[in-house]
Every structure is written in C-alpha cells, then in structure tokens.
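Taking it in order: structure first as structure tokens, then the write-up.
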Amino acid sequence: QSKTYEIAIVTDVGQLMDKGFNQGTYEGAKAYAEAHKIGYKYYQPANGSDATDNDRIAAMKQAINNGAKIIVAPGFLQATAMETVAKENPSVKFVFVDGWALGLDNVTAIVYKEQESGYLAGYAAVMEGYTKLGFTGGGGGGNPAVNRFGYGFIQGADAAAKEKGVSVEMKYSFKYGETFAASNELQTQIAGWYASGTEVVFSCGGSMFQSVKSAAGEYPDARIIGVDVDQSGESEKVITSAVKGLSASVERVLGQFYDGKWDSELADQAQNLGAAENSTGLPTDTWSLKNFTVDQYTELFNKIKNGEIVPVAEVPEDVTAGWSNVVVTLEQ
Amino acid sequence: MNHDSSDPRREGEGAPYAIEMRNITKVFPGIVANDNITLQLRRGEIHALLGENGAGKSTLMSVLFGLYQPESGEIYKDGVRVTIQNPNDANALGIGMVHQHFKLVDVFTVLDNIILGVEPNTLGFLRKKAAREKVLRLSETYGLNVDPDALVEDITVGMQQRTEILKMLYRDNEILIFDEPTAALTPQEIGELMQIIKGLAAEGKSILFISHKLNEIMEIADRCTVLRKGRYIGTVNICETTKEELSNMMVGRDVKFSVDKSVPKPGKTVLEVRDLSVKSRLHKKNAVSNVSLTVRAGEIVCIAGIDGNGQSEFVSALTGLEKPEPGSRILIDGEDVTKKSIRYRNTHGLSHIPEDRHKHGLILDYTLEQNIVLQRYFEEEFQHGGFIRFDRVRDYSEMLIEKFDVRSGQGPATIARSMSGGNQQKAIIARELDRYHSLLVAVQPTRGLDVGAIEFVHREIVASRDAGAAVLLVSLELDEVMNLSDRILVMYEGEITGELDPHTTTVQEIGLYMAGARRQNPEKGGGAA
Amino acid sequence: MKNSVPPSQAGVLKNASARSILAALICILGGLVVGFLVLLLLTVFAEDISVAEAFSGIVIVLGGPFSGGSAQDILFQMGNMLFQSTPLILTGLSVALAFNTGLFNIGAAGQYLMGAMGALLVSLSIPTTVVPAAIVWILALLAGTLLGVLWGAIPGFFKARFSVNEVIVCIMTNWIAANIVSWVFKSTGDRFINVAETKVNFIRKTASNGVATATLGLDKLFAGSYMDISLFIAILIAVVLYVILNRTTFGYELKACGYNKFASRYAGMNEQRNIILSMALAGGLAACGAAFWCLNGAQDFKWDTYLTLPADGFNGIPVALLASNNPIGVIFSAIFLKHITVGGSNLAAQTSFNEYVSPLIIAVIIYFSSFSKLIKDLLLRRMTKAQHATPAQPADPPPAAGPDKGAADEDAKTKEE
Amino acid sequence: MIFLIQKTLIFTIPLLIVALAGMYAERSGIINIALDGLMIFGAFVGALAALLLRKNPFFVDHNQLTFLLAMLVAAAAGALFSLLLSFSAIRLKADQTIGGTALNMLAPAIALLIIKVFFTKDMLEMERAADTSGTMKDFGFVILHDDLGPIGRIFFDKAYISTFLAAGLFVVLSIFIYKTKTGLRLRSCGEHPQAAASVGIDVIRMRYLGTTISGALAGLGGYIYIATVANGTASGAVAGMGFLALAIMIFGNWKPLGIALGALLFGFLKCLGVIYAQISIPIHGQDVYILRDLDLPMYFYNLIPYVAVLIVLAFTSGSSRAPKAEGIPYDKGAR
Ligand SMILES: Nc1ncnc2c1ncn2[C@@H]1O[C@H](COP(=O)(O)OP(=O)(O)OP(=O)(O)O)[C@@H](O)[C@H]1O
Ligand SMILES: Nc1ncnc2c1ncn2[C@@H]1O[C@H](COP(=O)(O)OP(=O)(O)OP(=O)(O)O)[C@@H](O)[C@H]1O
Ligand SMILES: [Mg+2]
Ligand SMILES: [Mg+2]
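Residue numbers (the working numbering), protein chains in the order written: chain A, 1 to 332; chain B, 1 to 529; chain C, 1 to 417; chain D, 1 to 335.
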C-alpha cells in the first residue's frame, strides 16, 4: 500500500521536536494537512547535526519521490539544497521558512519581524517591575532570527525603563547555544546569573529552554521568558513568551497554495511577517503578568501594528552601545 | 631393580592410597599431555614425579588439582572414587598445590594471600586478628619465617614460596603438591625447603614433589614415578635406585652429569668492565658498586652468589637494560659500549640468555618462529627492504627446533604461551647460542630444565666457549657453577668479594664467600686472570 | 590428518582470516535478525504501520543506497555514502593501528578536529591565484595530517615518557582540541568563516578558493554527489597499512611492543619510540580523514565544536572492532556502517518507521560482533575435532582412551568455557 | 564564590559516582568503557520513572520521594543493562572494548527510539504535573531547602539529596572494597584471577558482581547527572560524561580517595571555566569581576580542567597502576 505525502517538511539541524521552528513549522503543516485530509510527512536529513547540503538534497528528493507537491523547509542553512532541488523540480513548490527569495518561481520565503516580539517581551518584563534581565540566544550570534529577537528585547526593555525612569541591567550572551541544544554548561551559566541576582532570563533557542528551566528550578524567584511558541505550559516559571506565528503562517501559506493562489501571491515572494499579520507578539490567553496588563499590552501591540513604534531590525556590531536606561553586559 | 608392577590395580588391595590417579588421559590441541597415566601416593610419603620438559607432570598435577578435566581416568582418595571439577573440590579433599608459577596476588599482603578464599569474617567484614596469629604460629612450628604484613611484590622468591606453603598449611591440607618448587630458589633456600618438606611428611602429610634435580629427589623422596612424553614409565623406591637409573628411565638413555670439557685456552680480552655501579630500586645504596672484571675469549667465567646480591642489576647494566651510574665503563671487544643501545650490543657480539623467560625472553603471544628471530628479523637474511622473508624465518626456525629438540604442539607455528616452560627455555637458548656472539651472558640458563636438557645446554655452552666466545655465566646452582666454569667470581652485596679456581676450591668455600663470611682484598677482587 | 572432514571445509576453516570473515558475517546476520524483530515490535505499537512493512523495512535498511529510488537517486546516494565513508575508514584505521600496538586510541575525535583545522587553514589562506590549486591541495592535506600526527603523539609521549595511561590523555586531548579549534577560528574572525552564504557557524568551503579533491568525473558518474577520489586514496592507505603491519619489520616491532614491551626492549627495539610512533601515525590517519572531508570542496565545517566532538572520531572504534582490527576489514566495515545509515534514513523517508531505527540496528550488530571470538573458536573446534580423531602423538594411542577421544575432548573443552 | 562551591559539589557528585562505577568493574578485571552508555540508559529510565510516578499527584507533592525512587529505578536499570556487557565479556570471553562500545551505541539508540515511539518527542523532560490541589508543578525543585523550610535554607541551600546519598555511598563503597571478604575476593580477581580460582574463588561470579555494581552506580550517576546538572532531560547523551568519569578513575589510580580528589579538582575547574564571568570579589565596597575583566576568551577557561589533569598526571605518573588482569578474559588454562 503506497501512501503519498503531498506536504513534506524537511527539518533543519537539530531534532524535529525542538520546541523551535522545526516543531513550529511541522505543527503548522500538520494542522493544515489533517484539517484537509492531505498526506504529510517530515524528513530529517541524514547525519543529524553534521548534515551536509547533499543530505538535505537527498531528503528533498525522497520527499518528491513520495509524491510531495509542496516542501516546507525551515532554516536558512537549507538555501543551497533548496536552490538545487527547486531548479530540478519546477513543478514542486518550496516554502523557505526563515529564508529569503531565491529568484525561483516555485519558491516562496517567510521571514518574521522577531524584533517586534523581542521588543514586546523586554517592555513587558520591565513594566512588570523586573530590572535585572538576561538574554541567552542560540546560533552563537550567527542566526539572524535569534539576533533580531535579542536586539528587540533590549530596545523594548530600554523603552520601558525610560518610561518608568528606572535603570535596568541586562546580561547578554550567545555562549553555549551554538547548536540550540541544552547543555550542562548553559545550565550552570544561567544558574550563575540567577544566583547573582538576575530575575528574568529570555531563553531564545529551541532546547536551550531546558537548561534555563532547570537552572531556574534551583531559585524560587527565578523567572523565564519563552520563545517562538507559547511556552507557559512548560514551566510555572515562564512569565511570557516572545512568539512568532510559525505554525499559523505555514498553515496560511499552505492554504494559499491549495487555493491556487501560488502564482498570484507567493511565487518568488518573501513575506516579512510581523504584528500587522498577527505573526509576532506575546500570547494573551495564558497571560500571567500582574503589573503589566493585557490592555496595556494590546495598546502597545497596536502601536507596533500601525507603525507608530518600529523596533529596529538591523542588529549593529555592538549591541551594548546607545541605551539610555539599560546597561548591557556581553558574555562571550 | 623391581619397578612396581605396571598394573596398578593389584597395588590397590593394600592399605588404600592417600591419592590414586588411575589411567589418566589428557589431550591438548595437537598433543596428548597425559596418556593413560597411573599415580599412587601413600599416606605420609614424599613421592617424586620426574620427567622431561613437556612430559606432562604439571598437567597431571593440574588434573589432580581440578584445573583441567581429564578425557578419561579416575581419581581415588583413601580408596574412594572422587571427582575433582575445580580447585574447590581439591581444597575440600585436603589437596593443596604450590604451582610452578606462584599463584599470589602481589599487591596483597602475605596475610591477605593466605586467607584469600577462606577469609575469617563476621557478617562479611574481615577479621584478620585470629588468622594472623594462626599464620605466625604455623610459620613458627615449621620454621617458615615470613612477615604476614609484607606486600608479596616486595618479598623474595623464597618467601613467596613459603607463603604458598603457608597457604596450604593454613587450610590444613594433608596432600601437598609441589610443582618444581626449587626451580627458582637459592641453594640456601632449597636446603631450608627440603627440611620443611621432610617435617611436613613426618607430620603424616602426603607429598607430591616435582623436580628436575635428581639430587633433591634422591635426598628427600621415598618413591619416584617417572613420565616420558606423556606416558607412564614406572615407579621406583628411591632407596633401591640411582641417579643414573632415574635419568635413564626418564630420558630413555644414559645421561652424563659431569660436563667433560677441555682445558680452556683463554685468548684476547672480550669483555672488560670497569667500576660498574648501578642504583638499587629497593634501597639507598647501590645494587652494584664499582665492579670491575674481565672475561676473555675461550673461557667461562661464572658469577656465583645468593640471589639478590646484585647479579641481576649487574647483568641488566651489562646488556643495556638498565643505565649504570656515571663513571662506569663497559667494553666489548675493546670497544666502549657503555652508552650504546641494546640493539648495538646485540649486533656487536653480545648474546643474552635472560633471567626471566616470560618477562624478557619471549613474546608469549608471538609464535615460536617469530620468537626465534626476535633479534634478527632486521638482518639481511630475514628481511628485504623492510619486508620480512617468512619462508626463510620458517626454514631457520625449523632448523633450530630440530637441532635443539624444542617440543611443542604445532612446531614453528606454536604460540609460545602454550609451550611448556622447559621448552620455552630451550627455544631461547637455541636463539641466543645460534646467533653470532663473541660474548655470551647466560643467567640461570638451565632453570626448570630436565637433566637431559641441562646436559645438552651445558654441552652447547662449552661448545660456544671452544668456538672462541667469552662466556659470563650467572648461576645460583653451585654444582652448575663447579661443573661449567673456568673461573668463579663471587658477588656479595653488589661487590666481587672473591675470585676462585673451580679445580682448587670447594663448594663449602664458595658458600662462605657467598654468605659474606670471607672476602679477598679488593685489588685482587675481579682482577683479570 | 584431517581426512575425516572434507578437505575443502577444513581448508576454509584452517585459514584464520577466512574464519574471521565468516564470523563477522554471522554476527551481522544476527544483528539484522534482531533488527527485524525490533521492526516487528514497532509495528505492534505504531498502529499506522502494518506488520508486512517490518519485512520491507529491513530490506530497505539492508539495501542502503539501493533503496534510494530511481537509478539517479541510487547513484546520488551511493556517491555520498562512499564519500562519507572515507573519513570513517581512516578513523577506523587509526583506532585499528593503535590496537595492534596494544594502545587504545580513543582520541581520534580530537585528532580529526586538528586535521580539519590544519587542512582548512592552509587551503583557504594560500591564494590559488598565486599557487596552483593542486599544490595547495597537497599542502593542505599534509598540514592537516601533520597536525594530527603531532596531536596523536601527545598521548604516545605521555605513555612512553611518564607511563600515563593513553586513554585518559586521549580523552583530555579530545576536548582540548575541540576548544583550540573553536578558539583559532573565532579569533581569525571572518577570514575563514562562511559569511558569503551567511553560514557564520561554518568555515568557507575550500572550493571558494578553488581547492577541491579531484573527482575524475566521479561526481558526474554518481549524479552530482560528493564522490571524489579520496575514497580510493583511503583504500590504498588501508592496504599499505595492512602490508606494514603484517609483512614488514616495522609492523613486527609495533606488534611486539604491543604484546610485551620488556621483551621488545630486551630484543633491542626502542619501545618508547614505537609507542609514540604508533600513536602519532594513528593521529595522522584520523586527521587525514578529516582533511579529505574538508578538501572535498563542497563541505561545511562547523567550527564552534567546543561542546561536541565529531561522531566519526568515535565511530572509528566500532569500525575497527567490527573488522577485528584488520586494515582491509576496516574498509568494508566502515562502508557497511554508512551503508546501513543511508538505508536507515531511506527507511524513515519511505515508511512510517522513525529515524532512530538504524542506529539501533547498527548498535546491535556491533554487540553481536563481540560474539565473533566465540564463533571463531567454534569454527576452529570443528577443525581441531576433526584432527583429534587421530591425535598427533604418541603414535599408538592407548586403547582405553582411544575411541571416544574426540567427543571427550569436546565436552572437556566446553566445561572449560 | 559560595555559588562556585555549591556548583562544584553538584557537578562533582555524578562524576564521582560514575568513576567509582568504573573502579568496581575494573577492580574485578572488567574494563568498562560502557560508562557513558550506562549513564545514558540510567538517565533515561530514571526520567521515565519520575515522569510516570508524577502522573499520580501524591508524588508531585513529594518531590524528594519521587527523586529517590527514580534514582533507585535508574540504578536497577543500569545494573540490568550492564548484564549485556558482563555476558559478552565474562561468559563469551569477548574483547571487553567491543561489548562496552556496543553498549555506548545501544543505550542512546534504545532510549531515543522508545521516546520517539511512545512520546513522539526527541527527548524526555521531567514535565509539569498536577499536584493534589490540581495546580501544575514543575519537577526540578528537588533541592532540599524547599521542603525543609528556614532551617533547610540555612544548612541545605541548593543541596540535593543525591549529594548526601552519594557521599554516603562513597563511604560504603570504600569500606566494602577494602574491609570486606567479598571486596578482597573481588580485588583478587582483578589482579590475578588464576590465583583467586586456585583458592576456590568463583572468578566468574566475582566479575559479574563487580560489573553489576558498576552498572548500578553508572545508571544512578547518569540520572543524578541529568536531574541536577544537565537540564533534567534524557536526550540520549551525557556530553561524554562517562568517558570523563573513566578518565577520573584512571586519574584516581583506581582508588576511592584518589577518585574523589580527582572528581573534586575536575569539577571545580570545570565550573570555574563556565561561570568565571560571575565571580566577583568585593574591593572597597564594590564587586570587581577579575576573571571577566581579564576578558580572555571563554575557550581559555574551558581548557583549564583538561590541561590541569594532564599536568598533574605528568607529575604523579609513576605511581599509577591498573589492576593487573583487567581486560584479560578469564581462562582457567592460562598461566
Ligand atoms: N593448556 C594447554 N594447552 C595446550 N597444550 C598444553 C596445555 N598444557 C600443557 N600443554 C602441553 O602438554 C605438554 C605437557 O605439558 P606439562 O607442562 O605438563 O609438561 P611438564 O612436565 O610440566 O614440563 P616442564 O618440565 O617444563 O614443567 C607440553 O607439551 C605442553 O605444551
Ligand atoms: N594457555 C595455555 N596454552 C597452552 N598451554 C598452556 C597454557 N597454559 C599453560 N599451558 C601448559 O600448561 C603446563 C603447566 O604450566 P606450568 O607453568 O605449571 O608448568 P611449566 O610449563 O613447566 O612452567 P615453567 O616450566 O615455565 O615453570 C605448561 O607445560 C604449559 O605448556
Ligand atoms: Mg611443569
Ligand atoms: Mg617447567
């Protein structure tokens, strides 16, 4: 019995259930496929985190052999592989999540304004009354999305601090997060932050959350800000999450494709999704903050939505400089 | 000459034997180690077991001790059939064994080794006090003096030997097996051991005694069973037999005990040692201090001495295994080799029969043939452009095996480990004597060899002397010393304390020097003849 | 002598290496059987998989690249597989060589990283506009290998000089290497990092400097895969190593030191030198494998390695063991492992079995390979039993023990087990 | 500074336990390079146990109890898993490194496969669960002061029961191997099995014992490691901890005390390397972050523990001595 899988997800390095964009993408596709009774399947390039472009190409080819009509591939590392396969298979469509337009009509790209979510999270944390923040990011400082989250986080914190006239300390680090994986080193480092007074840590990268959570476990007053998806279900320590609507947007793109709107709306496009598309923000239905209310949040959110506030996306060389009320200490 | 009747069963009718092994057969790959052998041990007797290397003695004893299972044959204790599956059964039957290679844990104390397996304990926690007293009491009564708290690795071979004996006594065994107990001992220690064994027999313990040394057997044994090539030859009463007859039974021909050699014709000096000193690993003072001696072509110089007086260290320095202290000088054929490598010495006239055949002499996991070319594999004859010429290696080793009658399961391809120790030794001697050498350093070359082999080795050594080699022999066995040497140097506490002429001196005199009771004035000590 | 068995069979069994191969095959078979059972078990738990799929599943795994689909896909997968087994062959050889000298080289991972660093630094910093690419390629290969030689020499030195157990030094040097490599590339900034493709955790592909291993059209033949000639060089190295170990005086020395360093010394060999030499060579082999990987031209090298060691470093151990440390065997065991790996990802891609099945099958095979000694002994016994039907000596066996000796010998031995 | 000491202790414990595990196997004559795999397996089963237990609110209320039970289960799992090694190494006289290597590969394979099949995840976390009052609680608050109130805060701040358990185990294990009959026999089998056999000791049984104890300890260590040091997740890997423990065992010269010292030294330097940036000393009133302000790259600090071990080894080398018979399959006939 040969099943065909029209919708394919080819994962980026790291595991499928990484609580990050692999999982987000997968769940979006899954949701759409199951709602519309379409066969779907994920493909993990061979050799795990040592996967080469050819391993990705092989995975994509396998997907096509299994009858894939559209391939969703998260992660900028997939550019080379996708370009090759897309050229060879013009009839197959590709969705490049966290990527960019490749100048091919059968490829569409989705990027997010992570800086907006970061901004909102930073602002909320400071408004809630926290003045000692921490940011730990994945990708070793080399992942554009993560960097935007972090930079937005500082901007938000600074804005709020100015407003309240308080001064905020922020530890800022990409240490031990290169592979987005949890590690005893990361846990020890973050525990060190909490021990030396840090109140909230923005855990910005897939499985790294486990390290931050475990570190927080030892400190009753320690708090966490989640990322990508609403992580409040993961730990009672999570005060909020800087989400980006991965699943939603993947689901929507799939919808556009199956409604025959590919050529008109998606072909060779790179949509940059943000508050305007409800693709960035903080989850309101699991709201737990006391001093910073949902209404205050919505007001701020709308300002960003209608462009009154525009968090800067381009991350400068030196993120520590130019803040009035935030002292950023880099750790590397 | 009445041998016991070759049909053992009739013997069985008298008082039952303490141990009777009937028609034991044990086969190993490619060889029948024991072939239908019968052995009868009377209560309270000292029963010697005699045979060539590889005759099957150790194997037979291993069977009795439950280390091997025989293919066929029965074992009776006090007339009752018993099966011995493992050493436990043997221990339970009061059978104890001193193995050829001591079975001691050398990082344990003497006491721990003795109580191992029968540890006195409460709720599993060791209770050593009582055990300690028992051990002291035993060593008191049998005159075995060992310090129960010494680490085995720190004590002499003799003490280890006595530890093994204490192990048996501690377990109140009444059947005691000694597999070549004297092979590793000094004359003094041998003397003591003999007394101990006699004492044990007098106690009513029955003793099986394996040795290649006929004097020892003549001295203490009541009866002697002889094996040859795994077969039962016969059992004789010692009082009714002679060394000659025993050796004849065992080898199947008459054996000469005195080496007949022409008068030496010493030529030019081959080995010259000046002020050689070597640090000691055990104590502060030097193990060897300012030893000077010369050995000339065509003479056999023997270094006599009690084990542990620096002979080993001296040889190590001489052969390059150890670094001598500054100021020492070693010349071979007039060339100073003090700083030269072992390889250089080996290729410039030095042959060395090492003291420890398993540590230095052989690579036990290499085949016999690989061991035969251990110092020659790089010579033109055996390699070409770095590639070993296996055909030649095979031919050469087959030749040596033939010439030196080295016995083993699969000939040149036998793994050295599986060879009987005696034959391992023969292989080493063959290798060293057949290499070109102007100087032969032989340390206890006949340890663990049977009389036939000893005779052979001695002949070969003399032959190499007559061929113009200088021979330096280090031996603990006085009759070997007397038989073989042209000059005797006695080493005591790291110094040459006397030079003696084998024709004029006596064993007693040498003994005095070895014991340090007498010494010649240093100048003469080690002076060139 | 062995008239009681068909000479052919006895002949086969007599040959030691034939016995090893046979044993290895039996082990692999056992591993696959267990793997199949695992798949069956999974079909029970995962409702969306039918029992029938278990069988097709094991076939897919066993098929490796051959279960890749169209001829093109097969060639493509096979090319990649062959290329990716090259470093594995070399780390396997590295471990095997050390084992032959009685040393356990668990430091291949670190040596591998050093090799990669050396090769990349050289191949990316010498402009091919000045020096011909071919020369740069060779220099890079040498540089990488040399770094590995030095790195491998460290445990060797510690063992020879201070008699420190090589295992501990290897483990330490692994992590030291991991940090040094990251440090070096971090501090050289963007000179080597792949900014062009915005892959800042990776080092530039050597092709960006025009340096790449010759393919002689193999990449085309294998449908645009990574295939290049490095595999053949690796095989050549394996053969040379085999000859060195078993035919040359050098190999004789290395093994002698492995078995008994005192006796080797007595025989005039320089055992300290041999220990260092052997570890250094082992290091060189592992590093060479890394160099081949990087110099392929199309490979990304992740420089931020200080928290993780390259898998190929450790996989060298099972590869060597599966081949019972025989250099020729290593070629096959390495390719076989990659083969199963590819089969595994095809399995995940084509069925509903997940990607964790093939590692399990591989592990089981390795475990079964520990039975190979037993199997070899059994094979050997079949032979010796035949021989004992008429024992070597004495000429005339005593009637008493004569007839059933063969059998008696059998169970005597089985008791000894 | 206090933080550094706390962390050092927490980090040292699993290292110590697992190194002791290695010691018990090797003292009985079996080289156990499977420590890594055993840790992984123990960690997995322990996490699984905690997860399942916490489906019952009672165990959510009683974290310490749950933690203890999970540790027990992990140890049992390790012991069982180690039988695979004993069987091949002792019964089949196989090369011990093969068995060990196989276990190192089997453990993650089994763990990940099961996690994927039954939880459709890639790693097993100690998830939140509802306590008796129905509120969702994290697992990971296993530090003692939480349960012991103010007194606890003073004496046991940031301390895990596993720490005390391990300390106790260390004492027991040291006494067992040196002061008991079985300990003596076990050691003799690692040094000279033929000698042991010749006095009627069942070498096979002793080696099984040694390896099984080893397995139990490694499994326990593995779970303690993930529960206290590494993210509370069973992810089919322990970051080479098992091999580090092996190194510590050699470093400690196969002796409990040496191992303890080695583990402490290594643990301390390792933690220092990670949190050097937070270590401050007050100089007239204000905190000065010396190590951070040196601003050497972190790689430098990461290197320290490994380099330190090598340096110490170079000086203490001569004394080092492995059990004589380790790694050699026991064979009655051998001499
Ligand atoms: N376990 C074994 N495997 C194979 N061959 C063996 C084994 N044990 C003994 N042999 C062979 O059986 C023969 C008898 O060995 P055994 O040790 O009993 O002789 P031996 O009389 O003790 O010799 P030696 O006088 O040197 O001690 C020898 O040829 C030996 O190689
Ligand atoms: N692993 C083995 N393989 C083959 N033969 C063996 C093995 N172990 C022991 N043997 C044989 O068992 C016999 C008994 O060994 P044992 O050491 O007691 O006597 P031995 O060989 O005379 O020793 P030595 O003469 O070196 O003191 C030896 O002859 C040896 O050939
Ligand atoms: Mg013997
Ligand atoms: Mg002997």
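Glycine included, every Cβ here is placed at the ideal spot set by N, Cα and C.
Worksheet item: Do you know offhand how far residue 145 of chain C's Cα is from residue 363 of chain C's?
Response: Along the third sequence, one-based indexing puts residue 145 of chain C at 145. Along the third sequence, one-based indexing puts residue 363 of chain C at 363. Straight-line Cα distance between these residues: approximately 30 Å.
Discussion item. So for residue 1 of chain A, helix, strand or coil by DSSP?
Written reply: Working through the first sequence from its first residue, we reach residue 1 of chain A at position 1. With a pLDDT of 34 at residue 1 of chain A, under the threshold of 50, the modelled position of this residue cannot be trusted; read the value that follows with caution. Reduced to three states, the DSSP call for residue 1 of chain A is coil.
Worksheet item: For the beta strand (DSSP E) that residue 292 of chain B lies in, which residues bound it at each end?
Response: Against the second sequence, residue 292 of chain B aligns to sequence position 292. Segment 288–296, the beta strand (DSSP E) holding residue 292 of chain B.
Worksheet item: What is the rounded straight-line gap between the Cα of residue 394 of chain C and the Cα of residue 25 of chain B?
Response: Within the third sequence, the letter at position 394 stands for residue 394 of chain C. Within the second sequence, the letter at position 25 stands for residue 25 of chain B. With a pLDDT of 39 at residue 394 of chain C, under the threshold of 50, the modelled position of that residue is not reliable, and the figure given next carries that caveat. Taking the straight line joining both Cα atoms gives about 12 Å.
Worksheet item: Nearest chain A C-beta to residue 360 of chain D closer than 7 Å, yes or no?
Response: With chain D represented from 1 up to 335, any question about residue 360 of chain D goes unanswered, as that position is not in the structure.
Worksheet item: Does DSSP put residue 393 of chain C in a helix, in a strand, or in coil?
Response: Walking along the third sequence from the start, residue 393 of chain C turns up at place 393. Any answer about residue 393 of chain C is weak, because its pLDDT of 41 lies below 50 and its placement is not dependable; what the coordinates show is given next. Residue 393 of chain C: coil per DSSP, three-state reduction.
Worksheet item: Can you find a CB in chain A that lies within less than 7 Å of the CB of residue 164 of chain D?
Response: Counted from its first residue, the fourth sequence places residue 164 of chain D at position 164. No, residue 164 of chain D lies away from the interface with chain A (no Cβ there is under 7 Å from its Cβ).
Worksheet item: Using a threshold of 6 Å, is the CB atom of residue 59 of chain B nearer than that to any non-hydrogen atom of ligand 1?
Response: Position 59 of the second sequence, counting from 1, holds the residue named residue 59 of chain B. Checking the Cβ of residue 59 of chain B against ligand 1 gives yes.
Fill in: Same chain, Cβ closer than 8 Å to residue 247 of chain D, five either side skipped, listed in chain order
Residue numbering aside, residue 247 of chain D sits at position 247 when the fourth sequence is read from its first letter. Taken in chain order, the residues that qualify are 309.
Discussion item. Residues of the stretch 224–243 of chain A in Cβ contact with chain F at a cutoff of 8 Å, in chain order, please.
Written reply: This model lacks chain F altogether, as its protein chains are A, B, C and D.
Discussion item. Here's a check: name, in chain order, each residue in its chain whose Cβ is nearer than 7 Å to the Cβ of residue 53 of chain A, leaving out the five neighbours to either side.
Written reply: As a first step, residue 53 of chain A must be located in the first sequence, where it is residue number 53. Same-chain partners within the cutoff: 80, 81.
Worksheet item: Between the stretch 177–190 of chain A and the stretch 206–219 of chain A, do at least 3 Cβ pairs fall closer than 8 Å?
Response: yes
Worksheet item: Quick one: what does DSSP say residue 348 of chain B is sitting in, helix, strand or coil?
Response: Numbered from 1 along the second sequence, position 348 holds the residue referred to as residue 348 of chain B. Three-state DSSP puts residue 348 of chain B in coil, outside helix and strand.
Worksheet item: Would the C-beta of residue 413 of chain B count as close to ligand 1, meaning under 6 Å from any of its heavy atoms?
Response: Along the second sequence, read from residue 1 onward, the residue named residue 413 of chain B stands at position 413. Checking every heavy atom of ligand 1 against the Cβ of residue 413 of chain B, none is found closer than 6 Å.
Item to complete: Please confirm if residue 58 of chain D has its CB atom under 7 Å from at least one CB of chain C.
Response: For this step, residue 58 of chain D is matched to residue 58 along the fourth sequence. It does not: the Cβ of residue 58 of chain D has no partner Cβ on chain C nearer than 7 Å.
Worksheet entry | Buried versus exposed, by CB contacts within 10 Å (16 or more), residue 55 of chain D | Sequence index remark: in the fourth sequence, residue 55 of chain D carries index 55 (1-based). Burial call: exposed.
Worksheet item: Looking at chain C, which residues of the stretch 424–454 of chain B have a Cβ within less than 8 Å of any of its Cβ atoms?
Response: none
Worksheet item: Does any C-beta atom of chain D lie closer than 7 Å to the C-beta of residue 20 of chain A?
Response: Stepping through the first sequence from its first residue, residue 20 of chain A is reached at position 20. Chain D, which has no Cβ nearer than 7 Å to the Cβ of residue 20 of chain A, makes this no.
Discussion item. Please list, in chain order, the residues of the stretch 298–315 of chain D that have any C-beta partner in chain C closer than 9 Å.
Written reply: 298, 299, 300, 302, 303, 305, 306, 307, 309, 310, 313, 314, 315
Fill in: Top-ranked residue by Cα proximity to residue 289 of chain B, from B/227, B/328, B/358, B/306
Taking the first residue of the second sequence as position 1, residue 289 of chain B is located at position 289. Residue 289 of chain B has its Cα closest to that of B/328, out of B/227, B/328, B/358, B/306.
Worksheet entry | Limits of the unbroken beta strand (DSSP E) element including residue 241 of chain A | Residue mapping note: residue 241 of chain A aligns to position 241 of the first sequence, counting from 1. Per DSSP, residue 241 of chain A belongs to the beta strand (DSSP E) from 238–244.
Worksheet item: Cβ atoms of residue 43 of chain D and residue 234 of chain D: under 7 Å apart, would you say?
Response: As a first step, residue 234 of chain D must be located in the fourth sequence, where it is residue number 234. As a first step, residue 43 of chain D must be located in the fourth sequence, where it is residue number 43. Cβ distance < 7 Å, so residue 234 of chain D and residue 43 of chain D count as in contact.
Worksheet item: What residues in the stretch 62–74 of chain D bring their beta carbon closer than 8 Å to a beta carbon of chain A?
Response: none
Fill in: Within 7 Å, strictly: CB atoms of residue 375 of chain B and residue 323 of chain C
The residue given as residue 375 of chain B occupies position 375 in the second sequence. The residue given as residue 323 of chain C occupies position 323 in the third sequence. Taking 7 Å as the Cβ cut-off, residue 375 of chain B and residue 323 of chain C do not qualify as a contacting pair.
Worksheet item: Hey, how far is the Cα of residue 155 of chain B from the Cα of residue 168 of chain C?
Response: Translated into positions along the second sequence, residue 155 of chain B becomes position 155. Translated into positions along the third sequence, residue 168 of chain C becomes position 168. Between residue 155 of chain B and residue 168 of chain C, the C-alpha separation is close to 32 Å.
Discussion item. What does the alpha-carbon distance come out to for the pair residue 368 of chain C and residue 34 of chain C?
Written reply: Mapped onto the third sequence, residue 368 of chain C falls at position 368. Mapped onto the third sequence, residue 34 of chain C falls at position 34. Between residue 368 of chain C and residue 34 of chain C, the C-alpha separation is close to 10 Å.
Worksheet item: Listed from N- to C-terminal order along the chain, which residues in the stretch 393–427 of chain B have their beta-carbon within a distance smaller than 8 Å of any beta-carbon of chain C?
Response: 409
Worksheet item: Which residues in the same chain as residue 174 of chain C place their Cβ atom closer than 6 Å to its Cβ, once the five residues preceding and following it in sequence are excluded?
Response: Residue numbering aside, residue 174 of chain C sits at position 174 when the third sequence is read from its first letter. Taken in chain order, the residues that qualify are 107, 109, 110, 309.
Practice prompt. Return yes when the C-beta of residue 67 of chain C is under 6 Å from any heavy atom of ligand 1, and no when it is not.
Written response: Sequence index remark: in the third sequence, residue 67 of chain C carries index 67 (1-based). No, Cβ of residue 67 of chain C sits at least 6 Å from all heavy atoms of ligand 1.
Item to complete: Locate the beta strand (DSSP E) running through residue 271 of chain D, then write down its first and last residues.
Response: Counting from 1 along the fourth sequence, the entry for residue 271 of chain D is found at position 271. From DSSP, residue 271 of chain D is part of no beta strand (DSSP E) but of the alpha helix (DSSP H) over 256–275.
Worksheet item: Would you call residue 306 of chain D buried or exposed, if buried means 16 or more other Cβ atoms sit within 10 Å of its Cβ?
Response: The sequence position of residue 306 of chain D within the fourth sequence is 306, counting from 1. So residue 306 of chain D counts as buried.
Item to complete: Leaving aside the five residues before and after residue 229 of chain B along the sequence, list all residues of the same chain whose C-beta is less than 6 Å from its C-beta, in chain order.
Response: For the purposes of this step, residue 229 of chain B is identified with residue 229 of the second sequence, where counting begins at 1. Nothing listed; no residue qualifies.
Fill in: Closer than 7 Å at the beta carbon, the chain B residues around residue 197 of chain D
Counting from one through the fourth sequence, the residue named residue 197 of chain D turns up at place 197. The answer, in chain order, is 87.
Worksheet item: For residue 309 of chain A, which residues from the same chain have a beta carbon less than 7 Å from its beta carbon, with the 5 sequence-adjacent residues on both sides left out?
Response: Residue mapping note: residue 309 of chain A aligns to position 309 of the first sequence, counting from 1. So the list reads 303, once near-sequence residues are dropped.
Worksheet item: Is residue 138 of chain D closer than 7 Å to residue 236 of chain A when the C-beta atoms are compared?
Response: Numbered from 1 along the first sequence, position 236 holds the residue referred to as residue 236 of chain A. Numbered from 1 along the fourth sequence, position 138 holds the residue referred to as residue 138 of chain D. Yes.
Fill in: Proximity winner among A/314, A/330, A/319, A/329, relative to residue 145 of chain A (alpha-carbon distances)
Within the first sequence, the letter at position 145 stands for residue 145 of chain A. Answer by Cα proximity: A/314.
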